[in-house]
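Structure first, commentary second.
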Amino acid sequence: MTTFPLSLGAEDQGSDCLYVSRLTGKDSPQCGSFAVPCRTLPQALLLVNDGGKICLNGINSESNPYECLKTVGPNGTKLRAVGKRVSIQGVSSPAHISCGLVFASRLKYGSVKVSFSNLVFNNSRYGLVFFNVPSYHVVISDCKFINCYKAISMLWYRSQVSSFINQKSSLEVTDSEFRNNTYGIEFGPKFKNGSHKVSLSNLLVDNGTYGVFLVNVSSFDIVIAKCKFFNFSEAAVGLFWNEIKYVIREKSSLVATDSKFRYNAKSILVMLPNDFFEMTVSRCLFQNAKGRFHVINDDRSIKGDVFVRSQASSVTTYPIRVLVSITDSIFQDLGHKDNSFAVSVRVDNLFGDGNVSLFNTSFLNNENSLFVHGGFGVNLTHVTVHSTYGYAIMANAPPKTLIKAPADDNRQYDPIFAATKSSSILIDDSSSFRCPSGRQITIEKITEEDGFELVKGTFKVKQIRLSELKRSTVKEE
7 MTTFPLSLGA
17 EDQGSDCLYV
27 SRLTGKDSPQ
37 CGSFAVPCRT
47 LPQALLLVND
57 GGKICLNGIN
67 SESNPYECLK
77 TVGPNGTKLR
87 AVGKRVSIQG
97 VSSPAHISCG
107 LVFASRLKYG
117 SVKVSFSNLV
127 FNNSRYGLVF
137 FNVPSYHVVI
147 SDCKFINCYK
157 AISMLWYRSQ
167 VSSFINQKSS
177 LEVTDSEFRN
187 NTYGIEFGPK
197 FKNGSHKVSL
207 SNLLVDNGTY
217 GVFLVNVSSF
227 DIVIAKCKFF
237 NFSEAAVGLF
247 WNEIKYVIRE
257 KSSLVATDSK
267 FRYNAKSILV
277 MLPNDFFEMT
287 VSRCLFQNAK
297 GRFHVINDDR
307 SIKGDVFVRS
317 QASSVTTYPI
327 RVLVSITDSI
337 FQDLGHKDNS
347 FAVSVRVDNL
357 FGDGNVSLFN
367 TSFLNNENSL
377 FVHGGFGVNL
387 THVTVHSTYG
397 YAIMANAPPK
407 TLIKAPADDN
417 RQYDPIFAAT
427 KSSSILIDDS
437 SSFRCPSGRQ
447 ITIEKITEED
457 GFELVKGTFK
467 VKQIRLSELK
477 RSTVKEE
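Be aware that the sequence shown starts at 7, since it is given in our numbering, and climbs by one per residue.
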């Protein structure tokens with residue numbers, strides 16, 4: 007059986023009960039019935055059939071938690087990986103486990119299928135670890151991960167760039183809590199080919215560096231529903247790429263619905279090289295601590311509490327497409343610490359296109375509200391921006407330096423749209439605007455009578471009303 011350093015661990019759950027009790031059990035080759043349970047989890051893991059279920063009696067396990075498979079050698083104690091499909095669940099009460107459970111595949115292209123329910127991982131370096139697993143199908147429900155370094159970790163230390171098999175994997179986590187973990191759910195760090203579906207529902211994820219941290223995964227679909235992400239020092243959800251430089255010709259997506267993101271350094275941070283990325287946000291709250299408009303200069307950050315940036319090469323000769331849709335959501339008290347935006351979407355690719363669409367969304371008391379960079383269509387419907395210190399909306403395009411670039415000519419363009427210094431901007435249901443690639447449009451001033459005065463370009467804005475205007479001019483770019 008493969009061994010791993012003690013710092014690794016994992017857990018899962020399956021079917022057909024083999025009983026374990028710290029109170030009345032006794033380990034033997036024949037233990038596991040309800041009448042004669044095993045005493046330890048390692049014995050149960052050795053005896054359980056592939057595809058079987060282990061039931062852990064949780065009574066008094068908080069003070070006397072279950073331990074994991076280990077070996078002791080000259081280089082210290084190591085955890086042993088489980089190579090079976092198995093289901094582990096707590097019965098009678100939540101079963102506490104003091105160490106990480108590690109799962110590995112016995113085959114090069116094998117799949118690990120596991121499930122877990124009613125378990126508590128407390129004060130262990132790792133909760134569940136899936137180590138260099140080619141494909142996985144993991145279901146977790148009614149579990150708690152507390153004070154772990156990494157609660158759930160999909161670890162790949164062997165890059166799979168050359169793999170010719172595009173395997174599908176899935177992770178489903180429901181009705182669970184993650185508290186005081188450095189990393190809640192982690193994928194990476196090496197390149198992982200294949201399609202990954204992640205479903206997170208009804209979770210409380212509180213306090214750490216990252217709530218969800220995904221690195222170097224070629225294609226993924228993440229759905230976050232009815233979750234709460236609070237108090238993350240880097241980002242509640244971070245999706246990154248640092249393994250290779252070329253464009254990944256696969257689509258990835260992120261959906262967040264009916265969720266709350268509060269008091270995070272960043273709520274959603276996406277930096278990817280995929281040629282197609284789509285993000286949909288609906289009925290969500292993004293809020294930070296109530297702050298003052300204390301910035302006294304124009305050195306603002308183009309990042310946002312929700313930040314999407316394409317890392318694809320700027321000279322790639324086919325479109326990099328990014329679609330962002332935000333509906334029925336609130337962005338409040340954001341950007342005060344670093345003079346950043348509530349929402350920022352950026353594509354540097356000269357052929358990049360896409361759409362940023364906001365419907366029935368409010369920006370309340372943010373330092374800056376919306377930033378868009380690239381060849382986007384921007385559509386606002388029923389959008390309210392209230393009490394923005396810096397820019398309510400700012401958009402621009404990358405330089406159009408190549409003959410093939412989708413621009414009217416080969417000049418470098420200034421910001422397409424910039425609006426600022428209004429205590430309230432209300433855009434009603436008939437209002438929208440579009441920033442076509444290559445159109446140079448600069449807003450010189452805002453007046454209560456004239457609305458927007460355009461200096462250059464062709465730009466149409468319908469029925470935008472300004473109220474409680476404090477200053478009538480915007481800063482020049």
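Backbone N, C-alpha and C fix where the C-beta goes; we use that ideal spot for every residue, glycine too.
In the three-state reduction of the DSSP assignment, L53 falls in the helix class, which pools H, G and I. Straight through space, the alpha carbons of L209 and Y25 are spaced by roughly 28 Å.
Beta-bridge annotation (DSSP): I274 is paired with V243, V312. P195 sits in a strand when the DSSP states are folded into three classes.
Contact holds between the stretch 274-283 and the stretch 326-336, because three or more Cβ pairs, one in each stretch, are under 8 Å apart. The criterion of a C-beta distance shorter than 9 Å is not satisfied by V243 and S205. Measuring C-alpha to C-alpha distances from N372 to each of N402, E68, I336, S121 identifies I336 as the nearest. For the set N55, K309, N355, T390, the Cα lying nearest the Cα of N366 is the one of T390.
At least 9 Å separates the beta-carbon of I191 from that of V221.
Measuring C-alpha to C-alpha distances from V312 to each of S273, T286, K296, I332 identifies S273 as the nearest. Residue environment analysis places K119 among the buried positions, since at least 16 neighbouring C-beta atoms fall within 10 angstroms of its C-beta. Secondary structure of L47 (DSSP, three-state): helix. For a cut-off of 8 Å, the C-beta gap from F267 to F235 is around 5 Å, short enough to register as a contact.
For I94, the enclosing beta strand (DSSP E) stretches over residues 92-97.
Excluding the 5 residues flanking it on each side, A110 has same chain C-beta neighbours closer than 7 Å at T8, A87, G89, F137, N138, V139, in chain order. DSSP places T188 outside both helix and strand once states are collapsed to three, so it counts as coil.
For T30, the number of other beta carbons within 10 angstroms of its own is below 16, and it is reported as exposed.
A348 counts as buried, since no fewer than 16 other beta carbons sit within 10 angstroms of its beta carbon. Spanning the alpha carbons of C290 and V384 requires a straight line of approximately 20 Å.
Between P48 and the set C74, C61, K59, Y132, the nearest pair of CA atoms involves C74. The three-state secondary structure of A398, taken from DSSP, is strand. In the three-state scheme derived from DSSP, where H, G and I count as helix and E and B as strand, R131 is classed as coil. In the structure shown, N237 adopts extended strand secondary structure according to DSSP, grouped into three states. With respect to the 9 Å criterion, N124 and C154 are not classified as neighbours on the basis of their beta carbons. When DSSP reads this structure, S259 sits in a beta bridge with D227, E284.
In the DSSP assignment, I158 falls within the unbroken beta strand (DSSP E) covering 156-162. Excluding five sequence positions before and after Y189, the CB atoms of its chain that fall closer than 8 Å to its own CB belong to Y155, K156, A157, S159, G214, T215, Y216, F219, given in chain order.
Between the alpha carbons of S67 and L177 lies a distance of about 27 Å.
In the DSSP assignment, D212 falls within the unbroken beta strand (DSSP E) covering 210-221. Boundaries of the beta strand (DSSP E) harbouring Y142: 141-147, taken from the DSSP string.
For I65, the closest C-alpha among the options N355, S316, S99 is that of S99.
With at least 16 other beta carbons inside 10 angstroms of its own, F122 counts as buried. Following the DSSP letters along the chain, one finds Y25 inside the beta strand (DSSP E) bounded by residues 23-26. Straight across, the Cα-Cα distance linking V351 with V362 is about 8 Å.
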